[in-house]
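Under this note's numbering, residues 1 to 320 are what the sequence shown spells out, in order.
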Amino acid sequence: MRYEEFIDGHEGRWNDLHSLSERIKNQGYASLTAEELDSFLHMYRQVCADLAYVRTNFPNSNVEEYLNNLVAVSHAQLSRVRPASFERIVTFYTRTFPHLFARNAKFVGIAFLVFMVTGFVSGVGLHYDREFFMNLSPMPEQALEERAARGSVGPNMDEFIAPITSSIIVVNNIQVGIMTYGLGILCGLGTVFYLFINGLMLGVVTAFFAERGMGIALMANILPHGILELTAIFICGGAGLLLGNAVVHPGEVSRSQALREKGREATQLVAGAFLLFLIAGVIEGYFSFVETISNEAKLGFCLIPAGFLYVYLLRHVGSQ
């Protein structure tokens, strides 16, 4: 490769690395998104390889001196980047994750529709074919009847079991989220099926209690944590569909390359959903099913997670 061709083919990358190095130097690594930070590390390695090539093929040239300086300056910033674990986490959850959510809102929206439509179908279906749809319930009909008989729609949480229950809930929800996401590798069909099944189960339970005039009580016990928990499930579902889309429609790159790129983005979406699972688990364990708290108070509380969800994620949709 000729000297001029080498410069023309690589100068853009050098300029990008220089720009990011200057931002870290002047504003700190917190000014970079997680994607930009990863890009900085990747470009640094590439420019080091460029420098080695120049030293072999174009020794004592102006570009060798330039790359020497660029690598030295960039290397100096690495010591500022590597200890940034806590601040990188903060940056991810405050900037990167909302941006990713907005960019992939259509996939999350599809996951939402699959879940809600199947929930509606099973809820209506319970009225017409009780035996079939009750077989889809996550709990035996007798257990649901016992809860309805005592006027309760869920387990009563007290202060002694709440910490343990909350931990179990968080772990279980994360497992569900990972499963919803991971099945997306099956061209997205696995994710759709998992959302379909979970939507059917929730629809049956909702219709069961609604038939007994306990619909308001059910909503009061589900929505305080369910607003965030279900949103997290939909985000994981959207991540699975994003993964499936990379398999079915890789675009102009190879399927393996599309999976690497979109898989990384999908994984970040799931990681972001973990925060919602954590908050939802705490609310569910300590608040949602506490029978001493009135339904009115629980429904009023729903304004808090709903407002948080709007400010944190939903208001960014359409701005990307």
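Virtual Cβ for every residue (Gly too), placed ideally from N, Cα, C.
Since this is a predicted model, take the numbers as computed values, not measurements.
Host alpha helix (DSSP H) of residue i (start-end)
i, result
"residue 236", "215-248"
"residue 342", "The structure shown does not extend to residue 342, since the chain spans only 1 to 320, so no value can be given for it."
"residue 119", "105-128"
"residue 197", "189-211"
"residue 145", "141-149"
Nearest-angstrom Cβ-Cβ length linking residue i and residue j, presumed shorter than 8 Å
i, j, result
"residue 280", "residue 177", "Actually they do not touch by this definition, with Cβ atoms about 11 Å apart."
"residue 166", "residue 291", "Their Cβ separation, rounded to whole angstroms, is 17 Å, which puts residue 166 and residue 291 out of contact at 8 Å."
"residue 221", "residue 285", "With 8 Å as the limit, residue 221 and residue 285 do not qualify as a contact, their Cβ atoms being about 13 Å apart."
"residue 244", "residue 184", "4 Å"
"residue 17", "residue 44", "6 Å"
"residue 14", "residue 78", "Actually they are not in contact, since the Cβ atoms of residue 14 and residue 78 sit about 17 Å apart, beyond 8 Å."
"residue 275", "residue 3", "Going by Cβ atoms, the distance from residue 275 to residue 3 rounds to 50 Å, so no, they are not a contact pair."
"residue 224", "residue 283", "5 Å"
"residue 253", "residue 122", "With a Cβ gap of about 40 Å, residue 253 and residue 122 do not count as contacting."
"residue 187", "residue 248", "5 Å"
"residue 54", "residue 64", "5 Å"
"residue 317", "residue 111", "Wrong, their Cβ atoms sit about 14 Å apart, outside the cutoff."
"residue 269", "residue 100", "6 Å"
heavy atom of the ligand GDP below 8 Å from residue i C-beta
i, result
"residue 87", "As presented, the structure is devoid of all ligands, the ligand GDP included, so that no description of it is given."
Three or more C-beta pairs below 8 Å linking the stretch 305-315 and the stretch 196-203:
no
Check whether the stretch 141-152 and the stretch 207-214 are in contact - that is, three or more C-beta pairs closer than 8 Å.
yes
With three or more C-beta pairs closer than 8 Å as the rule, is the stretch 254-261 touching the stretch 287-306?
no
Just to confirm the assignment: which complete alpha helix (DSSP H) runs, minimum length 4, are found wholly within the stretch 277-312?
295-301 and 303-312
Can at least three beta-carbon pairs, one atom from the stretch 90-107 and one from the stretch 237-245, be found at a separation below 8 Å?
yes
Evaluate the contact criterion for the stretch 179-195 versus the stretch 218-237: three or more CB pairs, one atom per stretch, below 8 Å.
yes
Complete alpha helix (DSSP H) runs within the stretch 23-70 (minimum length 4 residues, chain order)
34-57
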